[in-house]
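In our numbering, the protein residues as written are 14 to 194.
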């Protein structure tokens, strides 16, 4: 199995584990699976240090972004919140899992800022809509939340893609990298 396919499948397994775990009153399921996803990703990295830093930065950005959404009261999460006004730990785990795709499955977005912006503006809100339909979150003010998600992810994706160029621990990995950009 190519690294690209493994990366996509691992991310999807992490995403569904987080969302379905939260929706079914087992919010620890997702973070446990994501821990395995991130560990496998780092074990396959040529240079785990830069990849780890990228994952930590993305996770930190996720805490700030999703906590702002919670504080806006535009959406609420089913469970997994440690402190009121902050994002639940399972959504932060999703950000960590997402970061593993930046230098593998999403490498093709490098140098394509407009496409990255559109990818974020559309893909971010769609992901949250899917999470809501599966029961992991609820929109209190759907219009405001989707607007904030679209704008936020339109900024986040190009930023993280740009950062991934400098924190690329995958290039030179023993595993096949996706280079068909």
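All residues carry an ideal CB built from backbone N, CA and C; glycine is no exception.
These numbers come from a predicted model, not from an experiment.
Shown here for residue 115: same chain residues with a beta carbon closer than 7 Å to its own, the five before and five after excluded, namely 67, 173, 174, 177 in chain order. Around the beta carbon of residue 179, a 10 Å sphere encloses fewer than 16 other beta carbons of the protein chains shown; the residue is thus reported as exposed.
Judged by their CB atoms, residue 104 and residue 133 are not nearer to each other than the 8 Å cut-off. Note that the C-beta distance between residue 47 and residue 109 is below 8 Å.
Of the candidates 184, 128, 92, the residue whose Cα lies closest to the Cα of residue 168 is 128. Cα atoms of residue 35 and residue 42: separation of roughly 8 Å, rounded to the nearest angstrom.
Relative to residue 24, the option among 113, 64, 102 whose CA is nearest is 113. By a beta-carbon distance limit of 8 Å, residue 89 contacts residue 150. Their separation comes to about 7 Å. When beta bridges are read from the DSSP output, residue 141 appears opposite no residue. Closest in alpha carbon position to residue 26, among 45, 38, 91, 59, is 45.
Taken in chain order, the whole beta strand (DSSP E) runs of length 3 or more contained in the region 159 to 188 number zero.
Following the DSSP letters along the chain, one finds residue 17 inside the alpha helix (DSSP H) bounded by residues 16 to 36.
Only buried fits residue 106, as 16 or more other CB atoms lie within 10 angstroms of its CB. Residue pairing by DSSP places residue 90 opposite 150 in a beta bridge. Taking C-alpha positions only, residue 51 is separated from residue 80 by approximately 22 Å.
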